[in-house]
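Below you'll find the structure, written out as structure tokens, and then a few comments.
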Amino acid sequence: GQEASEAAWLIIQHSISQPSLMKKCELLLKKAVAKHQASPIHLAYLSDRIAILEGKQQLYGTQFDWDKEGKMSPQEYDNLDRVNERRKSIGLNTVEEQTQLMRKQAADNNEAPPINFDKRKEEINIWRKSVGWI
């Protein structure tokens, strides 16, 4: 049912140290979405997460992190208009609206950007390589 589907997706979405599992689940989720048996929003989030971990551009702009200016921002995506069209087609708000929400959430939770942006990016890339994303 819906609750089990949501729980499974959350586990998969947070299995970032297991690239092969995430990729296999993405393929299964694509098939389920095509049969209207799963949420296209879940697929968008999972596909974007995988793209970012692989160093590629996301298609739906669902993945956020701190930018060089210390602002919570969407990670790299291909084209704002196309991203917003894709988001709209599955029932998501615009990237601009989501950015405002994410920044507010970060502020409300007293989250702060990394002290050393470049060092953090380097550490993330070392980790990505160690688990097989790159």
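Those letters in the sequence shown? Residues -7 to 126, per the numbering used here, in order. Every residue, glycine too, gets a C-beta built ideally from N, C-alpha and C.
Checklist entry - Roughly how many angstroms separate the alpha carbons of LEU63 and GLN10, rounded to a whole number? => result What sits at residue 63 in the sequence shown is Lys, not Leu. Each residue's alpha carbon lies about 28 Å from the other.
Checklist entry - What are the boundary residues of the alpha helix (DSSP H) that includes PRO66? => result Element bounds for PRO66: not the alpha helix (DSSP H) but the beta strand (DSSP E), 64 to 66.
Checklist entry - What three-state label does DSSP hand ASP100 in the structure shown? => result helix
Checklist entry - Between which two residues does the beta strand (DSSP E) carrying TRP1 extend? => result Unbroken run through TRP1 is the alpha helix (DSSP H), -6 to 5; no beta strand (DSSP E).
Checklist entry - Is GLN55 helix, strand or coil when you go by DSSP? => result coil
Checklist entry - Expressed to the nearest angstrom, what Euclidean distance is found between the alpha-carbon atoms of LYS21 and LEU38? => result It should be pointed out that residue 21 corresponds to Leu in this sequence rather than to Lys. In a straight line, the C-alpha of LEU21 is about 9 Å away from that of LEU38.
Item to check | Residues of its chain near TYR52, where Cβ-Cβ distance is below 6 Å and the 5 sequence neighbours each way are ignored | outcome: ALA36, ASP40, ARG78, ARG79
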